[in-house]
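Q: Residue 0 is where the sequence shown starts when you use numbering that gives the first Met the number 0, and the numbers rise one by one after that. Ideal Cβ positions, reconstructed from N, Cα and C, are used throughout, including at glycine. One structure, as structure tokens, below. Some questions next.
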Amino acid sequence: MTDRSLDAATAEDAPPAFALTTGRTLGYHRAAVDTFLASARKAFELGGDQLEAADVRTASFPLVKGGYVVADVDAALGRVEDAFAARERERVVRARGAGAWVEQAREDAQVILDHLARPARHRFARTGVLTFGYRVDEVDHVATRIVRYLRDGDALTAEQLRSAAFRMQRGGYREEQVDALLDATIDVILAVR
């Protein structure tokens with residue numbers, strides 16, 4: 000047996016890193032998750048710039064039967080993202096000082112607040128009447144929570160935004176715009192932790 004085939008056999012015999020789905024429930028493709036997490040670990044240990052917190056947040060995996068339980072993997076990815084964000088913050092603070100980091104977070108927060116100052120039901124572009132988008136009322140509810148967090152200091156965590164899910168409706172908000180704003184808000188939350 001060669002070293003390569005021995006490694007493959009060992010990987011197949013290794014216990015799964017996360018709980019597995021059963022029945023008809025779909026989960027994340029095991030090999031895709033394992034490969035991504037291994038590369039994230041290597042990137043973090045090497046300390047390079049090849050992977051950032053935003054890359055971890057936007058990672059996606061195929062859904063398959065017998066895959067990893069989605070919530071378990073998402074929770075782990077949240078912790079990995081937090082670690083990368085903390086390292087990115089440390090780098091900027093060392094290079095430019097804490098004041099520059101805080102000022103950038105403040106500017107980013109103001110951009111988000113300016114966007115969300117639009118009237119309810121008009122905060123994002125809408126899809127056509129025959130196309131589905133995020134439910135307007137649900138997104139506006141989350142948007143109000145974001146405003147309260149940024150303006151008034153109400154409690155809101157990155158985990159809450161990461162797990163935000165919206166039902167679909169015809170003529171709803173465009174997904175890519177809402178997702179971009181949620182990502183920007185998560186960046187601000189991670190910046191001021």
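Would you say leucine 76 and leucine 25 are within 8 Å of each other, going by their C-beta atoms?
A: Cβ distance not < 8 Å, so leucine 76 and leucine 25 don't count as in contact.
Q: Would you call the segment 173-189 and the segment 120-136 touching, i.e. three or more CB-CB distances under 8 Å?
A: Output reads yes: the segment 120-136 touches the segment 173-189.
Q: If the criterion is Cβ atoms closer than 8 Å, does the pair tyrosine 27 and valine 101 meet it?
A: No, these two residues do not count as a Cβ contact at 8 Å.
Q: Hey, quick one: how far does the beta strand (DSSP E) through leucine 62 stretch, first residue to last?
A: Where leucine 62 is concerned, the enclosing beta strand (DSSP E) stretches over 62-64.
Q: In angstroms with no decimal places, state the Cα-to-Cα distance between aspartate 2 and alanine 179.
A: Here aspartate 2 scores only 47 on pLDDT, less than 50, and its place in the model is too uncertain to base an answer on.
Q: Drop a sphere of 10 angstroms on the beta-carbon of aspartate 139, count the other beta-carbons inside from all chains shown, and report buried for 16 or more, exposed for fewer.
A: So aspartate 139 counts as buried.
Q: Alanine 70: which of Ile145, Arg169 and Ala164 sits nearest, CA to CA?
A: Checked all of Ile145, Arg169 and Ala164; the closest Cα to alanine 70 is Ala164.
Q: Can at least three beta-carbon pairs, one atom from the segment 105-122 and one from the segment 145-153, be found at a separation below 8 Å?
A: They touch, by the three-pair rule.
Q: Per DSSP, which one or two residues make a beta bridge with glutamine 168?
A: Looking at the DSSP assignment, glutamine 168 forms a beta bridge with Gly132.
Q: Quick check on glutamate 102: does DSSP put it in helix, strand or coil?
A: Correct three-state label for glutamate 102: helix.
Q: Note down the Cα distance separating glycine 47 from valine 92, rounded to an integer number of angstroms.
A: Computed Cα separation, rounded: 17 Å.
Q: Return the bridge partner residues of arginine 29 from the DSSP annotation.
A: Bridge partners of arginine 29: none, in fact.
Q: Given this structure, state the Cα-to-Cα distance separating alanine 198 from glutamine 49, to the nearest angstrom.
A: Because the chain here runs from 0 to 192, residue 198 falls outside it and cannot be looked at.
Q: Is DSSP giving leucine 155 helix, strand or coil here?
A: If DSSP states are grouped into helix, strand and coil, leucine 155 belongs with coil.
Q: Tell me whether glutamate 44 is buried or exposed, calling it buried when 16 or more other Cβ atoms sit within 10 Å of its Cβ.
A: Its Cβ having fewer than 16 others within 10 Å, glutamate 44 is exposed.
Q: Mark threonine 34 as exposed unless 16 or more other C-beta atoms lie within 10 angstroms of its C-beta, in which case mark it buried.
A: So threonine 34 counts as exposed.
Q: Can you give me the start and stop residues for the alpha helix (DSSP H) that leucine 180 sits inside?
A: Element bounds for leucine 180: 174-190.
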